[in-house]
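If you want it as C-alpha cells, here you go:
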C-alpha cells in the first residue's frame, strides 16, 4: 500500500516525483530538485523526508549536499509511475488512442509486454508521426506473424503507423540494465499490457555509475575491433553503431537532457560539444571509426577520473 501522506493529496510530493520521473536515472541535488519542481523549500524538505523514509527515494551525501534519486526497487514507485502515466494517454488524439487500445487488445494473448513510448506520449507527435511500441513476446515465427497481421489490420483501419521494437522476454530481462534505449522506453513510456513483466524489469534496474557505463562502452568497442580483425566487418559495424547510440543516450542522460526517441536523441546531441567527434566518427571508415571511438571513450574516462 502507498502511505497516505505520499498519495495524491500531497501536491508537493507529486511535483517532486513528476520531476524525478522526467529524468529517472539522474541524481538530484536537493536544491536542484526543489527548484525544478517549483515548490517551497519548507514543504519540499518535509515531503522529501517522507519520500526517503517511505523508501520512494534514495538519499546519499556528497559533501554537504543531499543527493536524491528514485528507488526502482520499491514496487510502489512503479505503481505511482503508472498512475501518472494515465494522464499521457488522455492527451492522445482519438485515432492514436483507439488504434493503440485495439492493437494491444488483439495481441494480448501473443505478447508479454506492450509499452508505447517516444513522441506519441511525450506530447511532441504530429498526425504523421509513427507510434513507437516496445514489444516483448516469445521468439516464434507464428507469434511474430500473428502480431504483424494485427498490426497491418489496425494500420489500414485507422491510417496510423506502428514502429514496433520487438524483443524476446529473455532479451528484455538481460538488456534491462545495459541497454539505454530499452531503459528509456520503459521509464518514459506508458505501459499498456504486461504489468508483471514490466514491474520485474523496473525493479531490477540498478544504479548505473558513469564509470561503469563508460567501461561497458570500452568493452563493446573492443568487441567491434576483434570482429574487424577477424574479417567480420558486418558484426563490427553493427556493434559500433549500437554502441554509438548508447553513448549518445548516456551523454544526454548525464546532462539531464530528455529525449523520447532515437530521432529526438540524435537531434538533441547536436547541441552538445561532443557532437563534433560523434559526427567525425560517423563519417569515418570502419577501422578509423573504431580507433576514434576508443580515443573518445578514453577521453571521457579521463575527464571523469581527473577532477
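In the working numbering, the protein residues as written are 190 to 496. From the three backbone atoms N, C-alpha and C, an ideal C-beta is built for every residue, glycine too.
Taking C-beta to C-beta, are residue i and residue j nearer than 8 angstroms?
{"i": "residue 420", "j": "residue 310", "result": "no"}
{"i": "residue 361", "j": "residue 304", "result": "no"}
{"i": "residue 351", "j": "residue 322", "result": "yes"}
{"i": "residue 289", "j": "residue 381", "result": "yes"}
{"i": "residue 469", "j": "residue 481", "result": "yes"}
{"i": "residue 222", "j": "residue 208", "result": "yes"}
In the DSSP assignment, what are the bridge partners of residue i?
{"i": "residue 405", "result": "Partner(s): none; residue 405 has no beta bridge."}
{"i": "residue 303", "result": "324, 382"}
{"i": "residue 357", "result": "326"}
{"i": "residue 370", "result": "BP columns for residue 370 are empty, so no partner."}
{"i": "residue 351", "result": "320"}
{"i": "residue 246", "result": "259"}
{"i": "residue 217", "result": "257"}
Pick from the options: whose alpha carbon is nearest that of residue i?
{"i": "residue 282", "options": "318, 302, 221", "result": "318"}
{"i": "residue 255", "options": "243, 247, 261", "result": "247"}
{"i": "residue 489", "options": "402, 380, 425, 242", "result": "402"}
{"i": "residue 302", "options": "440, 393, 385", "result": "385"}
{"i": "residue 491", "options": "407, 343, 258", "result": "407"}
{"i": "residue 371", "options": "418, 328, 306", "result": "306"}
{"i": "residue 467", "options": "440, 444, 493", "result": "440"}
{"i": "residue 383", "options": "411, 446, 298, 404", "result": "298"}
{"i": "residue 387", "options": "221, 245, 266, 217", "result": "266"}
{"i": "residue 242", "options": "214, 207, 257, 404", "result": "257"}
{"i": "residue 291", "options": "249, 245, 215, 342", "result": "342"}
{"i": "residue 327", "options": "345, 300, 308, 346", "result": "300"}
{"i": "residue 497", "options": "240, 264, 308, 210", "result": "Any question about residue 497 goes unanswered here, given that the chain covers just 190 to 496."}
By how many angstroms is the C-alpha of residue j removed from the C-alpha of residue i?
{"i": "residue 204", "j": "residue 348", "result": "37 angstroms"}
{"i": "residue 409", "j": "residue 463", "result": "19 angstroms"}
{"i": "residue 193", "j": "residue 416", "result": "Residue confidence is low: residue 193 scores 47 on pLDDT, short of 50, so the model does not pin down where it sits. No coordinate-derived value is stated."}
{"i": "residue 424", "j": "residue 413", "result": "7 angstroms"}
{"i": "residue 320", "j": "residue 253", "result": "45 angstroms"}
{"i": "residue 484", "j": "residue 453", "result": "26 angstroms"}
{"i": "residue 422", "j": "residue 459", "result": "28 angstroms"}
{"i": "residue 261", "j": "residue 392", "result": "5 angstroms"}
{"i": "residue 496", "j": "residue 411", "result": "Low per-residue confidence applies at residue 496: pLDDT is 46, beneath 50, and the placement is therefore not dependable, though the value from the model is reported in the following sentence. The straight-line gap from Cα to Cα measures roughly 26 angstroms."}
{"i": "residue 444", "j": "residue 457", "result": "11 angstroms"}
{"i": "residue 191", "j": "residue 269", "result": "With a pLDDT of 47 at residue 191, under the threshold of 50, the predicted position of this residue should be treated as unreliable, and no value is reported."}
{"i": "residue 471", "j": "residue 212", "result": "28 angstroms"}
{"i": "residue 196", "j": "residue 245", "result": "Bear in mind that the predicted position of residue 196 carries a pLDDT of just 47, short of 50, making it too unreliable to give a figure here."}
{"i": "residue 465", "j": "residue 442", "result": "18 angstroms"}
{"i": "residue 229", "j": "residue 479", "result": "49 angstroms"}
Stretch-stretch touch, CB-based, cutoff 8 angstroms, three pairs: the segment 327-340 with the segment 310-319: no
message: Can you confirm whether the segment 421-436 touches the segment 468-479 when touching is taken to mean that 3 or more C-beta pairs between the two stretches lie within less than 8 angstroms?
response: yes
message: Within 8 angstroms, do at least three Cβ pairs link the segment 433-440 to the segment 361-381?
response: yes
Touch test, the segment 226-242 against the segment 355-362, Cβ-Cβ under 8 angstroms, three pairs minimum: no
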